[in-house]
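Trainee: What follows is a single structure, and I will ask about it in a moment.
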Amino acid sequence: MIPLTPQAIQNSRDDDPAWRAAMRSAIRDPRELLDLLDLPHELIAGAEAPLRAFPLLVPRGYAARMRRADASDPLLRQVLPLAKEAASVPGFVTDPVGDGPALAGPGLLHKYHGRALLITTGACAVHCRYCFRRHYPYAEASASRGHWNTVLETLRAQPEIDEIILSGGDPLMLDDEKLAALVAALESLPQLRRLRLHTRLPVVLPERVDAGLLTWLRRSRLRIVCVIHANHANELDDSVATALDRLRGVGVTLLNQSVLLRGVNDDADALEALSRRLFECGVLPYYLHLLDAVAGAAHFDTPEARATAIVRALRARLPGYLVPRLVREEAGHDAKTEIPLRA
Ligand SMILES: *Cc1c(COP(=O)(O)O)cnc(C)c1O
Ligand code: SF4
1 MIPLTPQAIQ NSRDDDPAWR AAMRSAIRDP RELLDLLDLP HELIAGAEAP
51 LRAFPLLVPR GYAARMRRAD ASDPLLRQVL PLAKEAASVP GFVTDPVGDG
101 PALAGPGLLH KYHGRALLIT TGACAVHCRY CFRRHYPYAE ASASRGHWNT
151 VLETLRAQPE IDEIILSGGD PLMLDDEKLA ALVAALESLP QLRRLRLHTR
201 LPVVLPERVD AGLLTWLRRS RLRIVCVIHA NHANELDDSV ATALDRLRGV
251 GVTLLNQSVL LRGVNDDADA LEALSRRLFE CGVLPYYLHL LDAVAGAAHF
301 DTPEARATAI VRALRARLPG YLVPRLVREE AGHDAKTEIP LRA
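Going letter by letter, the sequence shown gives residues 1 to 343 in UniProt numbering.
Structure, rendered in structure tokens:
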């Protein structure tokens, strides 16, 4: 991967930053990924249809953190398409969190009091096989630049909204010039106090945390919260730690959300190690999501009883601030649902 040296940052031109080059050279062919890892192509036999519907995408730096010759590597399992994704499983549907009905304007989701979520782009740096938006109609429902005025008007008419969440896809897949312009437009609404970024890029493409990004983050009058998305401690190597340090250096509050995934992090040891490593990187665990029942992801499902047992074990091992809240997203509810931990 491209190291995060000061030279790498200086050498990247504004109109073609180093992270864009890293994106262009990301792995898109699952056979190449398997070759790199010394794994047989049979692992993806029968996965043609899921692969066509939701292609493989893995930045090289992220692949470099996978163990060689280990088909059950927790990072590989998050990105490798499998034949079993094609199975139709009762209860697993295309819009499990009810985004469709909550669309309040182009790309604006207003489900929760005081917070509105803006779908900025459908693009991501990695394709996670468990993603609840793997079937989301981004082309019709993203807040592209032509729609910003409508979004601003919608927000102005609802002065109780004081936090805007940029989501996606991944908002940091947009260029800094575009993001800085969007944030400047949002700053013109006096009601807004906080800007939240929901992004997996500091984890899967730490090159993204470059001088261009830090410049507009530092400049904003809004308090900025960055909710990263890591599911396993192995994702957080030194390049990620450096990127997270940089974000903290410009005053960004860092939180993490994870998804509980069978075969990736569905045991107390893995999640304990994740919490400890997050804290070393200056990040507090925020949410641990039960899997959204999205078609194609049933093989990641973890029973609720197992989930609560794992979180109870975490509470016995970790300080309270390192235990994430176990939640489930439910269509039509006015907040995420916290799962009670009783035995
Ligand atoms: C999760 C989510 C939020 C943020 O919820 P918090 O509990 O504040 O983290 C806001 N809007 C939507 C649509 C969400 O899914
Ligand atoms: S980065 Fe987030 S939105 Fe993109 S595929 Fe992964 S989970 Fe889904």
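Heads up, the beta-carbon is just placed ideally off N, CA and C, and yes, glycines get one too.
With distances taken between CB atoms, is the gap from residue 295 to residue 135 smaller than 9 Å?
Mentor: For residue 295 and residue 135, yes; Cβs fall inside 9 Å.
Trainee: Under 8 Å from any heavy atom of ligand 1, does the C-beta of residue 53 make it?
Mentor: For ligand 1, not one heavy atom lies less than 8 Å from the Cβ of residue 53.
Trainee: Look at the alpha carbon of residue 369 and the alpha carbon of residue 305, and state the distance between them as a whole number of angstroms.
Mentor: Past the boundaries of the shown model lies residue 369; the chain is included only from 1 to 343, so the question cannot be answered.
Trainee: Could you check what DSSP says for residue 299 in three-state terms: helix, strand or coil?
Mentor: Note: residue 299 maps to helix in three-state DSSP.
Trainee: Decide if residue 323 is buried, meaning its Cβ has at least 16 other Cβ atoms within 10 Å, or exposed.
Mentor: When all chains shown are included, residue 323 counts as buried.
Trainee: Alpha carbons only, please: which of 15, 52, 260 and 69 is nearest the one belonging to residue 40?
Mentor: Measuring from the Cα of residue 40, the nearest candidate turns out to be 69.
Trainee: Are the beta-carbon atoms of residue 81 and residue 44 separated by less than 9 Å?
Mentor: For residue 81 and residue 44, yes; Cβs fall inside 9 Å.
Trainee: Output the distance between the C-alpha atoms of residue 380 and residue 191, rounded to the nearest integer angstrom.
Mentor: Because the chain is modelled from 1 through 343, residue 380 falls outside the range shown and cannot be assessed.
Trainee: Can you tell me whether residue 84 sits near ligand 1, meaning its C-beta is under 8 Å from at least one heavy atom of the ligand?
Mentor: Not under cutoff, so the answer is no.
Trainee: Name the two residues that bound the continuous beta strand (DSSP E) containing residue 112.
Mentor: Segment 108-112, the beta strand (DSSP E) holding residue 112.
Trainee: Alpha carbons only, please: which of 317, 308 and 320 is nearest the one belonging to residue 327?
Mentor: Checked all of 317, 308 and 320; the closest Cα to residue 327 is 308.
Trainee: Could you check whether residue 198 and residue 220 sit closer than 9 Å to each other, using their CB atoms as the reference points?
Mentor: It is not a contact, given that the beta carbons lie outside the stated cut-off.
Trainee: Tell me where the beta strand (DSSP E) around residue 154 begins and ends.
Mentor: First-last for residue 154: 148-156, but that is the alpha helix (DSSP H), not the beta strand (DSSP E).
Trainee: Return the residue from the list 310, 277, 329 and 207 that minimises the CA-CA distance to residue 24.
Mentor: Residue 207 is the option with its Cα nearest to residue 24.
Trainee: Using beta-carbon positions only, say whether residue 163 and residue 200 come within less than 9 Å of one another.
Mentor: No. Outside cutoff.
Trainee: Between residue 254 and residue 284, is the Cβ-Cβ spacing less than 9 Å?
Mentor: Yes, the pair counts as a contact, with Cβ atoms nearer than the cut-off.
Trainee: Can you give the Cα-Cα distance for residue 225 and residue 179, rounded to whole angstroms?
Mentor: Taking the straight line joining both Cα atoms gives about 15 Å.
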